[in-house]
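For what it's worth, UniProt numbering labels the leading residue of the sequence shown as 1, then goes sequentially.
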Amino acid sequence: MPGNSEGLWYSFNMGPIHFISLSTEVYYYLDYGIKMLVKQFDWLEKDLKEASSPKNRTLRPWIIVYGHRPMYCSNDNKDDCVYYETLTRIGLPFLKWLVTQV
């Protein structure tokens, strides 16, 4: 079971899909600190690099990333979608590794 500092993000394979679960909470609450953001980002880069290897992409051509809060918003007037919080999502390496769905 996830705690406050461990098990907040993970990945698994099911059929032709590589699923990645991110902790979107680290972008909203500074209580986690910048170290958690860096730790998750480094883990994500490593996981996406492995999942995108030619061998793995042949076995699992789909990479789907998900989290508790929306990664993209169609409005900016709710708690999940205020201006400064959507900016924190810029720079995640989804395009670099050709992620299929977010």
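Cβ atoms here follow ideal geometry from the backbone N, Cα and C, with glycine treated the same way. This one's a predicted model, so the numbers in the text were calculated from it and none came from an experiment.
Other residues of its chain near residue i: CB distance less than 8 Å, five sequence neighbours each side excluded
i, result
"residue 26", "8, 32, 36, 37, 40"
Burial state of residue i (16 or more Cβ within 10 Å)
i, result
"residue 92", "buried"
"residue 34", "exposed"
"residue 98", "exposed"
Span of the beta strand (DSSP E) around residue i
i, result
"residue 65", "62-66"
"residue 19", "17-21"
Which of helix, strand or coil DSSP assigns to residue i
i, result
"residue 1", "Any reading at residue 1 must be qualified, since the residue scores a pLDDT of 43, below 50, and its modelled position is unreliable; no value is offered."
"residue 41", "helix"
"residue 36", "helix"
"residue 27", "helix"
Nonlocal neighbours in the same chain, by C-beta distance under 7 Å from residue i, ignoring five residues either side
i, result
"residue 17", "60, 62, 64"
"residue 88", "Note that residue 88 scores 49 on pLDDT, short of 50, meaning its location in the model is unreliable and no value can be drawn from it."
| query | Does the stretch 59-69 come close enough to the stretch 15-22 to have 3 or more Cβ pairs within less than 8 Å? | reply | Inter-segment contact for the stretch 59-69 and the stretch 15-22 is present: three or more beta-carbon pairs are separated by less than 8 Å.
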